[in-house]
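Asker: Residues 16 to 535, numbered by the numbering used here, are exactly what the sequence shown covers, in order. All C-beta atoms, glycine included, are put in the ideal place defined by N, C-alpha and C. Here the structure is a predicted model, which means the values were calculated and not measured.
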Amino acid sequence: MAKLALRPDNSCFISHTRRACSHTPFIRTTSFPRFHFHLSPPSNYSLRLRIVSSAQQNAKETHRVAKAKALTELQVEEVEKQHENLSGTWPPWKNLPQRYKLIGTTSLAFVICNMDKVNLSIAIIPMSHQFGWNSTTAGLVQSSFFWGYALSQLPGGWLAKIFGGGTVLEVGVLIWSVATALVPFLAGYMPGLLLSRVLVGIGEGVSPSAATDLIARSIPLEERSRAVGFVFGGLSVGSVMGLLLAPPLIQNLGWESVFYLFGLLGIAWFLGFQVLEGGEKQLNPKSLSSPDTVTNSWKTSLTELNGSLKDVPWKAFFQNRAVWAMIYAHFCGSWGHYNCLSWLPTFFSEELNLNLTEAAWVSILPPLASIFVTGLAAQLADNLISRGVETTVVRKICQSIAFLSPAICMTLSSLDLGLPPWEIVAILTGGLALSSFALSGLYCTHQDMSPEYASILLGITNTVGAVPGIVGVALTGYLLDLTHSWSISLFAPSIFFYMTGTMVWLVFASSKPQSFSEHN
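1) Would you call the region 488 to 508 and the region 242 to 262 in contact, with 3 or more CB pairs under 8 Å?
2) Since I believe Ala524 is in contact with Thr407 (beta carbons under 8 Å), could you give me their beta-carbon distance rounded to a whole number of angstroms?
3) In chain order, what residues of the same chain lie with their CB nearer than 8 Å to the CB of Gly220, ignoring the 5 residues before and after it?
4) Report back the beta-carbon spacing between Ala261 and Ala138 to the nearest angstrom; my notes put them in contact at under 8 Å.
5) Flag this pair as yes or no: are the beta carbons of Ile118 and Phe274 separated by less than 8 Å?
6) Comparing C-alpha positions only, which one of Ser272, Tyr343, Leu369, Asn134 sits nearest to Pro435?
7) Suppose the cutoff is 7 Å on Cβ atoms and the five residues either side in sequence are ignored; what does the same chain contact list for Ala340 look like?
8) Can you tell me whether His345 is helix, strand or coil according to DSSP?
9) Any contact between the region 393 to 406 and the region 431 to 445? By contact I mean 3 or more CB pairs, one from each, below 8 Å.
10) According to the neighbour-count rule (16 or more other Cβ atoms, all chains shown, within 10 Å of its Cβ), is Tyr468 buried or exposed?
11) Sorted by chain position, which residues of the same chain lie with C-beta nearer than 8 Å to Leu189's C-beta, five sequence neighbours on each side aside?
12) Do the CB positions of Gly487 and Tyr353 come within less than 8 Å of each other?
13) Using the rule of at least 16 other Cβ atoms within 10 Å of the residue's Cβ for burial, across every protein chain shown, is Gly351 buried or exposed?
14) For Ala396, which of Val126, Thr152, Glu237, Pro223 has the nearest alpha-carbon?
15) Alpha carbon to alpha carbon, what distance is there between Tyr513 and Leu214?
16) Starting from Phe161, trace the alpha helix (DSSP H) in both directions and tell me its first and last residue.
17) Have a look at Thr498 and Pro206 and give me their C-alpha separation to the nearest angstrom.
18) Measuring only the C-alpha atoms, how far is Phe125 from Lys132?
19) Name the two residues that bound the continuous alpha helix (DSSP H) containing Leu264.
20) Return helix, strand or coil for Asp326, following the three-state DSSP convention.
21) For Leu447, report the span of its alpha helix (DSSP H) as first-last.
22) What would DSSP say about Glu536, mapped onto helix, strand or coil?
23) Mind checking Phe398: buried by the 16 CB within 10 Å criterion, or exposed?
24) Give the single residue among Gly433, Pro382, Ser415 whose Cα lies nearest to the Cα of His345.
25) Distance, Cα to Cα, Ala392 vs Ala448?
26) What alpha helix (DSSP H) runs, 4 residues minimum, are completely inside the region 449 to 475?
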């Protein structure tokens with residue numbers, strides 16, 4: 016509190032009073048003591064003021080920091096929330112069921128598979144001109160793929176059962192992709208070129224058995240037709256993409272570019288799924304393990320491998336009539352499919368007088384139409400099974416459509432009916448597209464009969480089914496040089512096998528589950 020101090024003075028009390036006193040004689044001048052009032056702060060006032068001011072500043076700073084911290088926490092929470100929302104939907108397939116991831120990755124591999132298979136059917140035309148090959152030599156080069164394809168079927172099925180379909184598929188993609196990229200370096204040296212195509216065949220030959228193993232062990236019966244259709248439908252997509260991309264690449268960059276680009280796509284697929292999080296799980300799910308699987312490691316001993324091979328009921332397989340029906344049906348379907356896949360671009364180019372680009376575009380139509388037919392057939396087959404129709408009946412209906420349709424269309428195309436070229440194209444497109452019903456017929460029967468041995472069964476039938484690729488493709492070129500007739504060289508043999516295959520299938524095929532181990 017301020018102190019009040021009184022101090023005397025000899026002058027007047029108030030200044031104007033003094034002036035009055037000095038000039039007014041009637042008033043006696045009286046001297047009053049004068050006092051000065053001084054208000055002085057206490058001794059610790061400045062210190063206390065600084066303390067209060069500092070406290071106020073500290074409070075303001077604390078409030079500012081708290082406010083900034085609160086805003087920062089809100090921002091962090093918002094960012095984390097956004098990250099959680101983003102991570103919950105990216106990648107798009109993250110929340111898909113495991114079996115759908117398997118089907119998607121396998122189908123993508125099959126797309127690349129057929130891109131590497133059909134590239135030669137387009138590139139063979141400029142390659143033949145450059146190296147002076149006749150039809151017989153061109154047929155030999157194209158058929159060399161099926162040498163490796165046939166050799167790898169049974170080993171592929173057996174390895175898929177031992178190591179799992181995912182591991183086998185990955186290795187197969189790497190082998191065929193590297194071999195494809197090497198074709199331009201070896202094209203001038205015939206043994207090297209044939210060897211590279213054999214390796215492509217080996218790599219692609221294990222993929223059907225690997226896919227069959229994945230489907231049989233992870234997809235329920237009521238979804239199996241759609242799963243098989245989606246996976247093997249990737250072959251049709253690959254054919255379309257290969258035939259679509261090959262002509263402009265060849266015309267602008269040379270025929271070598273097709274093999275470089277398509278080979279690199281497969282290598283990128285392999286590397287991508289090595290580093291992609293969850294890629295190994297997608298291709299090697301634990302759900303695919305079974306009590307019958309010896310091991311899923313490449314370190315499995317040779318003794319265990321030999322033991323597992325001996326455990327396969329080979330005798331029971333070949334004593335079953337339904338297995339023989341699958342074998343012959345696979346042979347018949349492959350004869351028409353592989354010959355058309357290899358020779359149709361040349362047929363369109365030479366017989367219908369189309370240039371390279373036009374022939375390739377026309378060759379796209381059958382596999383493009385097959386994509387839609389595959390989805391229709393799969394949906395139809397699964398719906399029939401869900402409604403209680405016997406599985407064997409459904410498989411017989413689908414496979415009969417797959418055989419009779421191209422047989423009828425090839426007959427119409429081979430007869431001299433005076434049809435214009437584009438009508439022949441339309442007829443062949445329709446027949447070959449309907450042959451995709453086989454994916455809901457023959458190609459589902461292996462899983463229906465025995466999920467345990469489905470990959471090995473497909474290995475057996477696919478081995479025989481690869482023979483038309485070896486014999487038929489080369490024989491077509493030889494007959495073409497000999498007769499100069501597409502009707503005799505290409506269509507007549509295919510019609511014969513389609514018709515006989517239909518009869519055998521209807522009489523002997525069956526989708527009833529089989530206990531081959533017990534029979535063994």
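Answerer: Judging by the given coordinates:
1) no
2) Position 392 of the sequence shown, counting from 1, holds the residue named residue 407. Position 509 of the sequence shown, counting from 1, holds the residue named residue 524. With 8 Å as the limit, Thr407 and Ala524 qualify as a contact, their Cβ atoms being about 7 Å apart.
3) As a working note, residue 220 is residue 205 in the sequence shown. The residues are Gly163, Tyr164, Ala165, Leu166, Ser167, Gln168, Gly171, Gly187, Asn477, Ala481.
4) On the sequence shown, residue 261 is found 246 positions in, with the first residue counted as 1. On the sequence shown, residue 138 is found 123 positions in, with the first residue counted as 1. Indeed they touch by this definition, with Cβ atoms about 7 Å apart.
5) On the sequence shown, residue 118 is found 103 positions in, with the first residue counted as 1. On the sequence shown, residue 274 is found 259 positions in, with the first residue counted as 1. Going by C-beta atoms, Ile118 is not nearer than 8 Å to Phe274.
6) Counting from one through the sequence shown, the residue named residue 435 turns up at place 420. Of the candidates Ser272, Tyr343, Leu369, Asn134, the one whose C-alpha sits nearest the C-alpha of Pro435 is Leu369.
7) Indexing the sequence shown from 1 puts residue 340 at position 325. Taken in chain order, the residues that qualify are Val519, Trp520, Phe523, Ala524.
8) Here residue 345 is taken as the residue at index 330 of the sequence shown, counted from 1. DSSP places His345 in helix when its eight states are reduced to three.
9) no
10) Sequence index remark: in the sequence shown, residue 468 carries index 453 (1-based). So Tyr468 ends up on the buried side.
11) Translated into positions along the sequence shown, residue 189 becomes position 174. Here the set comprises Gly218, Gly281, Ile282, Phe285.
12) Taking the sequence shown and counting its residues from 1, one reaches residue 487 at position 472. Taking the sequence shown and counting its residues from 1, one reaches residue 353 at position 338. Contact flag set, yes.
13) As a first step, residue 351 must be located in the sequence shown, where it is residue number 336. It is buried - the Cβ of Gly351 has at least 16 other Cβ atoms within 10 Å.
14) One-based indexing of the sequence shown puts residue 396 at position 381. Selected option, being the one with the closest Cα: Glu237.
15) Within the sequence shown, residue 214 is the residue found at index 199, counting from 1. Within the sequence shown, residue 513 is the residue found at index 498, counting from 1. Cα to Cα, Leu214 sits roughly 29 Å from Tyr513.
16) Within the sequence shown, numbered from 1, the residue matching residue 161 stands at position 146. Here the alpha helix (DSSP H) through Phe161 covers 150 to 166.
17) Locating residue 498 in the sequence shown gives position 483, counting from the first residue. Locating residue 206 in the sequence shown gives position 191, counting from the first residue. Computed Cα separation, rounded: 28 Å.
18) Translated into the one-based positions of the sequence shown, residue 125 becomes position 110. Translated into the one-based positions of the sequence shown, residue 132 becomes position 117. Computed Cα separation, rounded: 10 Å.
19) The sequence position of residue 264 within the sequence shown is 249, counting from 1. First-last of the alpha helix (DSSP H) with Leu264: 236 to 268.
20) Taking the first residue of the sequence shown as position 1, residue 326 is located at position 311. If DSSP states are grouped into helix, strand and coil, Asp326 belongs with the helices.
21) Position 432 of the sequence shown, counted from the start, is the residue given in the question as residue 447. From DSSP, the alpha helix (DSSP H) with Leu447 extends over 436 to 449.
22) Beyond the ends of the chain as shown, which are 16 and 535, falls residue 536; an answer cannot be given.
23) The count along the sequence shown starts at 1 and reaches residue 398 at position 383. A small correction: the amino acid at residue 398 is Asn; Phe does not occupy that position in the sequence shown. Answer is exposed; the Cβ neighbour count stays below 16.
24) As a first step, residue 345 must be located in the sequence shown, where it is residue number 330. Residue Ser415 is the option with its Cα nearest to His345.
25) Numbered from 1 along the sequence shown, position 377 holds the residue referred to as residue 392. Numbered from 1 along the sequence shown, position 433 holds the residue referred to as residue 448. Spanning the two alpha carbons is a distance of roughly 11 Å.
26) 457 to 464
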